[in-house]
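Inspection log for the structure reproduced underneath, given as structure tokens.
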Amino acid sequence: MNIQSLVRNTSPVLLSLGKNKHKAQSHATLAWLTAALIAFVSLTTSASAQEESASAHARSIKIDSSVVTEHETKILGKRVKYSATTGTQPVWNSKDEAVATLFYTYYQRTDVKENTERPLIISFNGGPGSASVWMHVAYTGPRILNIDDEGYPVQPYGVQTNPYSILDVADIVFVNPVNTGYSRVLPKADGSMPSQDEQQKMFFGVNADISYLADWVNTFVTRNNRWRSPKYLIGESYGTTRVSGLALELQNRQWMYLNGVVLVSPIDIGIERNGPVKAANRLPYFAAAAWYHNKLEPALQNKDLTELLPEVEDFTINTLIPALAKGGFIGETEKRDVLTQMARYSGLSEASIAQNNLDVSTAFFWKDLLRDEGKTLGRLDSRYLGIDAKQSGDRPDYWAELTSWLHSFTPAINYYLREELNYKTDIKYNMFGNVHPWDRSNNQSGENLRLAMAQNPYLNVMIQAGYYDGATNYFDAKYTMWQLDQSGNLKDRLSFKGYRSGHMMYLRRDDLKQSNQDLREFIKMSTPGKGIPAEYKR
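Take the sequence shown: its position 65, counting from 1, is numbered 65 in this note's numbering, and each next residue is one higher.
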């Protein structure tokens, strides 16, 4: 009913107020009430229209969607045709209610007769709270950042062909966990959002993360007819905890057996490194970074990095760990000898090391190594340099490498998804999403990976790490590999690869080529020939 008809229908009632001598007053009252009614209805109609408009324009992501585009590229000099599917797929709870939707990008080679038996790589980044952007547009995918050969951003921003992508030998899906990329928590049936506690129980913790992602992977593999494919998980940084736990979760709860797990720049995956071990394990990384910045004495500087590091590792295991274990009761002569060697290998002064009681933190190292030059080192990649407000202090003002990476990754992924892969949404692409507080309790992911390997003779594990990574240093990665299976019965299925770069070792052009080739060889080695049984022989 419009305003005019409402007034017309109301007028007889109002006119009944006017009789005889009060007629003039009634007409005045009628006019006043009519004006008030018109104003009221106008405001109500306007508010209703605004509410409807706001609802119609609420920013949201489609819960279940896909966009497919066709492409062609060159990998290792050969033409490869492929499709890219960008979309969302729901996460369901035990009541089969959609509680979140995950954004993914799925690359399939299309110039092959049959892809159901091609290897499938399921790729995760870490954080926790990081999108899958890093490995997607810088490592294994068919398109990578416009960066220089060492990994520094260049303009114009965007992407270029990745001539080393593993898409020639395997299909790849890049998965964004809840609140990363375009992935989001969904409202409940009554329209309200789950509380922070409810969200944490469902998504934001070591074991919750593994549980819901295993269900999601099952659905994806089923929808895309990939049950016959050899399957691999690759995770970077915190993603190594994720894929280590998923190996057993997929195997024992989804009955999905893997051929391989790749740990890129791994964190501790629940294998503790405390006390003297934690402190000592930093030294090989210190030596690598100091060597890169020409801070070692000539006798060490003139050695190749791969010749120097075994020497430092030997000192770390056989001398430094025992020395640190003695604490304040170490003998003066032994302490002096250890100080001298630590200074030689780290590029720091003996005085600085002594002031730290032989336990030099990484933050102090990043600040102190180039202090006399007024520069600081990057945390995730110590090739990158920063400038602080003051030369004094015991830690850098900011992380030079991360600001550099966000400089190039953020515009590239937003351009690429929208303009090349044709996925359009007003939802913000979260490079880092809100997933905290993260429940880190009961982290058994390393032990779960060992158990998955023991149960599955096909399952192989490869670790990839950059020598200049100060956040998840390469020697910690080796130590994790050594401790993963203390029996030694699985060591023939565990391998380590090191690179002359940092946390994202693939940003450096030479390492991009080598690390992808290492993945190719790992996939080939861990894909058994037809008829080869999964069994242990005596």
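From the three backbone atoms N, C-alpha and C, an ideal C-beta is built for every residue, glycine too.
Note that the structure is predicted; figures quoted are calculated from it, not measured.
Check your understanding: Is it true that the CB of Q254 sits closer than 8 Å to the CB of N218?
Key -> Along the sequence shown, one-based indexing puts residue 218 at 218. Along the sequence shown, one-based indexing puts residue 254 at 254. For N218 and Q254, yes; Cβs fall inside 8 Å.
**Study point:** DSSP-derived helix/strand/coil call for F409
**Key:** Mapped onto the sequence shown, residue 409 falls at position 409. Of the three classes helix, strand and coil, the one that applies to F409 here is helix, per DSSP.
Practice item. Return the chain-ordered list of same chain residues with a C-beta closer than 7 Å to the C-beta of E227, the five sequence neighbours on each side being excluded. Key: Taking the first residue of the sequence shown as 1, we reach residue 227 at position 227. The question names Glu, yet the displayed sequence has Trp at residue 227. The answer, listed in chain order, is V221.
Point to revise | Nearest-angstrom Cβ-Cβ length linking N448 and A214, presumed shorter than 8 Å | key: Position 448 of the sequence shown, counted from the first residue, corresponds to residue 448. Position 214 of the sequence shown, counted from the first residue, corresponds to residue 214. About 12 Å; that fails the 8 Å criterion.
Practice item. Could you tell me the boundaries of the alpha helix (DSSP H) in which D337 lies? Key: Locating residue 337 in the sequence shown gives position 337, where the first residue counts as 1. From DSSP, the alpha helix (DSSP H) with D337 extends over 332-346.
Check your understanding: Hey, is L377's beta-carbon within less than 8 Å of any beta-carbon in chain B?
Key -> In the displayed structure, chain B is absent; only one protein chain is listed.
**Study point:** CA-to-CA distance, S382 to L296, given in whole angstroms
**Key:** Within the sequence shown, numbered from 1, the residue matching residue 296 stands at position 296. Within the sequence shown, numbered from 1, the residue matching residue 382 stands at position 382. When only Cα atoms are considered, L296 and S382 end up about 15 Å apart.
Check your understanding: Which residue's Cα is closest to the Cα of Q108: D64, T161, G275, I172?
Key -> Here residue 108 refers to the residue found at position 108 when the sequence shown is read from its first residue. Q108 has its Cα closest to that of I172, out of D64, T161, G275, I172.
Review point. What is the DSSP secondary structure of D368, counted as helix, strand or coil?
Key: Taking the sequence shown and counting its residues from 1, the one referred to as residue 368 is at position 368. The answer is helix: DSSP assigns D368 an H, G or I state.
Check your understanding: Would the beta-carbon of G275 fall within 8 Å of that of F124?
Key -> Position 275 of the sequence shown, counted from the first residue, corresponds to residue 275. Position 124 of the sequence shown, counted from the first residue, corresponds to residue 124. No.
Check your understanding: Which residues in the same chain as P153 place their Cβ atom closer than 7 Å to its Cβ, once the five residues preceding and following it in sequence are excluded?
Key -> Here the question's residue 153 lines up with position 153 in the sequence shown. Correct list, in chain order: I147, S404, H407, S408.
**Study point:** Neighbourhood of N430 by C-beta distance below 7 Å, restricted to the same chain and skipping five residues each side
**Key:** Here the question's residue 430 lines up with position 430 in the sequence shown. These residues qualify, in order along the chain: A131, N179, T180, G181.
**Study point:** F522 to L305 span [Cα, whole Å]
**Key:** Taking the sequence shown and counting its residues from 1, the one referred to as residue 522 is at position 522. Taking the sequence shown and counting its residues from 1, the one referred to as residue 305 is at position 305. So the two alpha carbons sit approximately 24 Å from each other.
Review point. Residues in its own chain within less than 7 Å of E334 by CB, not counting five upstream and five downstream?
Key: As a first step, residue 334 is located in the sequence shown; it is residue number 334 there, counting from the start. Contacts found: A323.
Check your understanding: Going by beta carbon distance, what residues of the same chain come within less than 8 Å of A208, once the five residues before and after it are set aside?
Key -> Sequence index remark: in the sequence shown, residue 208 carries index 208 (1-based). Within the same chain, A208 has close Cβ partners Q200, K201, M202, D439.
**Study point:** Proximity of T88 and I63 at Cβ, strictly below 8 Å
**Key:** If you number the sequence shown from 1, residue 88 lands on position 88. If you number the sequence shown from 1, residue 63 lands on position 63. Yes. Within cutoff.
Check your understanding: Hey, Y458 and A534: beta-carbon distance below 8 Å or not?
Key -> The residue given as residue 458 occupies position 458 in the sequence shown. The residue given as residue 534 occupies position 534 in the sequence shown. In this structure, A534 lies closer than 8 Å to Y458 by Cβ.
Exercise for review: Return yes when at least one heavy atom of the ligand MG lies under 7 Å from the C-beta of R273, else no.
Suggested key: Questions concerning the ligand MG fall outside what the structure shown contains, since it holds no ligand whatsoever.
Check your understanding: Given a threshold of 16 other Cβ atoms within 10 Å of its Cβ, counted over all protein chains shown, does G488 qualify as buried or as exposed?
Key -> On the sequence shown, residue 488 is found 488 positions in, with the first residue counted as 1. With fewer than 16 other Cβ atoms within 10 Å, it is exposed.
Practice item. Locate the beta strand (DSSP E) running through E70, then write down its first and last residues. Key: Numbered from its first residue, the sequence shown carries residue 70 at position 70. The continuous beta strand (DSSP E) containing E70 extends over residues 65-75.
**Study point:** Neighbourhood of L507 by C-beta distance below 7 Å, restricted to the same chain and skipping five residues each side
**Key:** Taking the first residue of the sequence shown as position 1, residue 507 is located at position 507. So the list reads A138, I147, G151, S501, once near-sequence residues are dropped.
Check your understanding: Identify the residues that DSSP records as bridge partners of Y232: which are they?
Key -> For the purposes of this step, residue 232 is identified with residue 232 of the sequence shown, where counting begins at 1. I121, G260.
Review point. Would the beta-carbon of R242 fall within 8 Å of that of I210?
Key: The residue you call residue 242 lines up with position 242 of the sequence shown. The residue you call residue 210 lines up with position 210 of the sequence shown. Result yes, Cβ atoms of R242 and I210 sit closer than 8 Å.
Exercise for review: On a CA-only basis, which of V68, I122, R520, L348 is nearest I75? Give me that one, please.
Suggested key: As a working mapping, residue 75 is identified with position 75 in the sequence shown. Closest by alpha carbon: R520.
Exercise for review: For the segment 98-147, list the beta strand (DSSP E) runs that are entirely contained and at least 3 residues long, ordered along the chain.
Suggested key: 98-109, 120-124, 143-145
Review point. I think V206 touches N443, with their Cβ atoms under 8 Å apart; what is that distance to the nearest whole Å?
Key: In the sequence shown, residue 206 corresponds to position 206, counting from 1. In the sequence shown, residue 443 corresponds to position 443, counting from 1. Confirmed, Cβ separation roughly 5 Å.
Exercise for review: Would you grab the beta carbon distance between T425 and S237 for me? Rounded to a whole angstrom, and I think it's under 8 Å.
Suggested key: Translated into the one-based positions of the sequence shown, residue 425 becomes position 425. Translated into the one-based positions of the sequence shown, residue 237 becomes position 237. Not a contact, Cβ separation roughly 26 Å.
Review point. Do you know how far the Cα of P396 is from the Cα of T362?
Key: Locating residue 362 in the sequence shown gives position 362, where the first residue counts as 1. Locating residue 396 in the sequence shown gives position 396, where the first residue counts as 1. Near 11 Å, if we compare the C-alpha coordinates of P396 and T362.
**Study point:** Whole-angstrom C-beta distance between L263 and V542, which should lie under 8 Å
**Key:** This structure cannot settle anything about residue 542, because the visible part of the chain is limited to 1 through 538.
**Study point:** Rounded separation between L33 and S65 - CA only
**Key:** On the sequence shown, residue 33 is found 33 positions in, with the first residue counted as 1. On the sequence shown, residue 65 is found 65 positions in, with the first residue counted as 1. Its pLDDT being 49, under 50, L33 is placed unreliably in this model, and the value from its coordinates should be taken loosely. Straight-line Cα distance between these residues: approximately 53 Å.
Check your understanding: Three-state secondary structure (DSSP) at M462?
Key -> As a working mapping, residue 462 is identified with position 462 in the sequence shown. Reduced to three states, the DSSP call for M462 is strand.
Point to revise | Close Cβ partners of T410 (< 7 Å) along its chain, the five nearest in sequence each way excluded | key: Against the sequence shown, residue 410 aligns to sequence position 410. Hits under 7 Å: M431.
Exercise for review: Leaving aside the five residues before and after G127 along the sequence, list all residues of the same chain whose C-beta is less than 6 Å from its C-beta, in chain order.
Suggested key: For the purposes of this step, residue 127 is taken as the residue at position 127 of the sequence shown. Excluding residues within five positions, the ones whose Cβ falls inside 6 Å are Y238.
Review point. Taking all protein chains shown into account, do 16 or more other C-beta atoms lie within 10 angstroms of the C-beta of K78, making it buried, or fewer, making it exposed?
Key: Counting from one through the sequence shown, the residue named residue 78 turns up at place 78. Exposed, since its Cβ has fewer than 16 Cβ neighbours within 10 Å.
Check your understanding: Mind checking whether T73 and V80 have CB atoms under 8 Å apart?
Key -> The residue given as residue 73 occupies position 73 in the sequence shown. The residue given as residue 80 occupies position 80 in the sequence shown. Yes, the Cβ-Cβ distance between T73 and V80 is below 8 Å.
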